[in-house]
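To convert a position in the sequence shown, counted from 1, into the working numbering, add 319. One structure is given below, encoded as structure tokens.
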Amino acid sequence: MDSKIVGVLGGGQLGRMMVEAGHRLGMPIVILDEAPNGPAKQLSGCIAHIDGAFKDSAKIKELKSRVDVLTVEIEHIDVKALYELDKEAPGSIQPTPHTLELIQDKYRQKVHLASYNLPISEFKQVSNVASLAKAGGEWGYPLMLKAKALAYDGRGNFVISDEKSAHDAASMFAANPLGFYVERWVKYTKELACMVVRSIEGEVVSYPVVETVQKDNVCHVVLAPACVSGSILESAKRVAESAIATFSGAGIFGVEMFLTEAGDIFINEIAPRPHNSGHYTMEACHTSQFENHLRAVSGLPLGSGALKVPCAAMVNILGASDSITDLQATMHESLKVSGATVHWYGKRESRNGRKMGHVTIVADDVAQLQDRLALVLAALPGGHA
Ligand code: ATP
Ligand code: MG
Ligand code: MG
């Protein structure tokens, strides 16, 4: 197929799954990442990739000189270089540098969402112990203190459980020059997520609303579709679509949400790229999030995001230590489960909490899904439920 060449900033598992989708479309993908043999580069050795930091403006420019369109698998990149490149060739960075800039700073992202009256919990910038304790006085405890930048997988989030821990946070303020903001605690009953993709022409395709279960701030299990009422599925989808409508550029976005007992939906955060809560789409939807992202940024028609199976689940395989032996045993056990598809990211080293792979499970009904899911969960290191 006659395709544009796509450059990707970042070569981890999201880049790897983009390369996988790109292969089938005959779409050449060039990766920029420091690791010469990371997850994404392992899959397409026939293309010359670039070894270098995805924050290094000279390397970003080198990548751009080799491709038609640039996109990201991570938002923590150098936006200055992207603004310059977009000026030279408008539309060749997707989503736009402005969108990436807004989202990479979680505080600016919240200010942006608030300015559009989108539903979010209360938040405010805090720069010292006194302002943190003041927020605790107003909203009560616990509070969620969040680093504004370079935060992911819960790194940069701190639960402030009482006034004493607010006062103990002094060293954190000293250690993070990029700053913090604080969020009022949301007493949610479930966490939901929805992937939304937009083409260059403005066509929008949404995926099903899913339930995500986090453990220690990191995504553990995803259930598709979320087991909530039809009206909640509808309003969560509407919230996700309205949020994405406020950001410019093409590509897929992941919208993380909280659902409260009263049925209210709050946006937690937005990712301007494929997202962990959308991995299930590879086996469970007509067009995966990775393929639709590539289609969107390169000007191809979008595919349907609808489920092609009745229901699905995804389990993250996280490093439990620096050994990968336990995880390999998990993968072997998962291979025996009907309806399960194993994804191993090819990372050479495991670390506690590092995303090493995932397993998707599809099923004919919820009871069958629960049985199959239980087998995969029992195979996790330590047999986590
Ligand atoms: P990601 O890897 O998704 O980018 P992150 O490091 O950006 O994660 P958040 O999404 O901000 O972290 O928070 C991680 C988790 O912490 C959420 O999924 C949720 O479980 C919990 N959490 C975050 N904010 C709040 C809040 N205001 N109230 C209650 N729980 C929260
Ligand atoms: Mg995040
Ligand atoms: Mg998150």
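Where is the CB? At the ideal position from N, CA and C, for every residue including glycine.
I'd like the list of long-range same chain contacts for residue i, defined as Cβ closer than 6 Å, with 5 residues on each side in sequence excluded.
i: Glu-441; result: Arg-503
i: Leu-383; result: One point to set straight first is that residue 383 is Lys, not Leu, in the sequence displayed. Excluding residues within five positions, the ones whose Cβ falls inside 6 Å are Leu-389, Leu-404.
i: Gly-334; result: Val-327, Ile-350, Ala-359, Glu-392
i: Ile-563; result: Val-515, Phe-572
i: Gly-498; result: Lys-467
i: Pro-593; result: Leu-333, Ile-571, Gln-608, Phe-609, His-612
i: Val-523; result: Arg-517
i: Ile-643; result: Ser-669
i: Ile-519; result: Ala-569, Gly-618
i: Met-336; result: Phe-609
i: Gly-665; result: Pro-358, Gln-361
i: His-651; result: none
i: Thr-415; result: Ser-567, Gly-568
Counting along the chain, where does the beta strand (DSSP E) carrying residue i start and finish?
i: Tyr-500; result: 499-503
i: His-662; result: 659-663
i: Gln-608; result: Counting along the chain, Gln-608 falls outside any beta strand (DSSP E), though it belongs to the alpha helix (DSSP H) covering 608-617.
i: Ser-525; result: 523-525
i: Val-445; result: 442-445
Output needed for residue i: all residues of its chain with C-beta closer than 8 Å, excluding positions within five of it in sequence on either side, in chain order.
i: Asn-476; result: Met-463, Leu-464, Lys-465, Ala-466, Ala-470, Asn-536
i: Leu-646; result: Ile-636, Gly-638, Ala-639, Ser-669, Met-675, Gly-676, Pro-700
i: Val-540; result: Thr-531, Val-532, Ala-632, Met-633, Val-634, Asn-635, Leu-692, Leu-696
i: Gln-428; result: Leu-421, Ile-422, Glu-588, Ile-589
i: Gly-702; result: Leu-696
i: Asn-686; result: According to the sequence displayed, residue 686 carries Ala and not Asn. Same-chain partners within the cutoff: there are none.
i: Tyr-599; result: Val-529, Val-541, Ala-543, Ala-631, Ala-632, Met-633, Thr-679
i: Glu-510; result: Glu-530, Thr-531, Val-532, Gln-533, Glu-575, Met-576, Phe-577, Leu-578, Asn-587
i: Lys-437; result: According to the sequence provided, residue 437 is Leu. The question's Lys does not apply to it. If we look at Leu-437 and ignore the five residues flanking it on each side, its Cβ neighbours are Val-558, Ser-561, Ala-562, Thr-565, Ile-586.
i: Ser-623; result: Val-524, Cys-604, His-605, Thr-606
i: Thr-418; result: Phe-566, Ser-567, Gly-568, Pro-591
i: Asn-447; result: Ala-489, Phe-492
i: His-342; result: Leu-362, Ser-363
Which residues mark the beginning and the end of the alpha helix (DSSP H) in which residue i is found?
i: Tyr-402; result: 398-407
i: Gln-413; result: Element bounds for Gln-413: n/a, residue is neither H nor E.
i: Thr-600; result: 600-603
i: Ile-393; result: Segment: none, Ile-393 is in no alpha helix (DSSP H) and carries neither H nor E.
i: Val-271; result: The requested residue 271 does not occur in the structure, where the chain is confined to residues 320 to 704.
i: Gly-455; result: 448-458
i: Ser-561; result: 549-563
i: Glu-381; result: 376-385
i: Ala-359; result: 358-362
i: Phe-492; result: 489-494
I'd like to confirm the pairing. Which residues does DSSP put opposite residue i in its beta bridges?
i: Met-514; result: Gly-573
i: Met-463; result: Val-478, Glu-502
i: Thr-508; result: Answer is none; Thr-508 lacks a bridge partner.
i: Lys-534; result: Val-537
i: Gly-326; result: Val-349, Leu-389
i: Tyr-471; result: Arg-474
i: Asp-424; result: Ala-468
i: Phe-373; result: According to DSSP, Phe-373 bridges with nothing at all.
i: Phe-585; result: Phe-577
i: Ala-590; result: Gly-573
i: Val-529; result: Ala-512
i: Ala-543; result: Ala-631
So, at 7 Å on beta carbons, what are the nonlocal neighbours of residue i in its own chain, with the 5 sequence-adjacent residues on each side left out?
i: Ser-376; result: Asp-397, Lys-399, Ala-400
i: Pro-527; result: Ala-543, Pro-544, Leu-626
i: Gly-371; result: Leu-351, Glu-353, Lys-378
i: Lys-443; result: Ala-454, Tyr-500, Val-501
i: Val-338; result: Ile-348, Ala-359, Leu-362, Ser-363
i: Ala-433; result: Ile-439
i: Gly-582; result: Ile-551
i: Ile-412; result: Leu-389, Leu-401, Leu-404, Asp-405
i: Pro-461; result: Val-478, Ile-479, Ser-480, Trp-504
i: Val-616; result: Val-325, Val-388, Thr-390, Gln-413, Ala-569, Gly-570
So, is the C-beta of residue i closer than 7 Å to a C-beta in chain C?
i: Trp-504; result: This model lacks chain C altogether, as it is built from one protein chain only.
Counting only runs of 3+ residues fully inside the stretch 624-685, write out the beta strand (DSSP E) ranges in chain order. 630-637, 659-663, 674-682
Pocket of ligand 3 defined by Cβ to heavy atom distance under 7 Å: Glu-575, Asn-587, Glu-588
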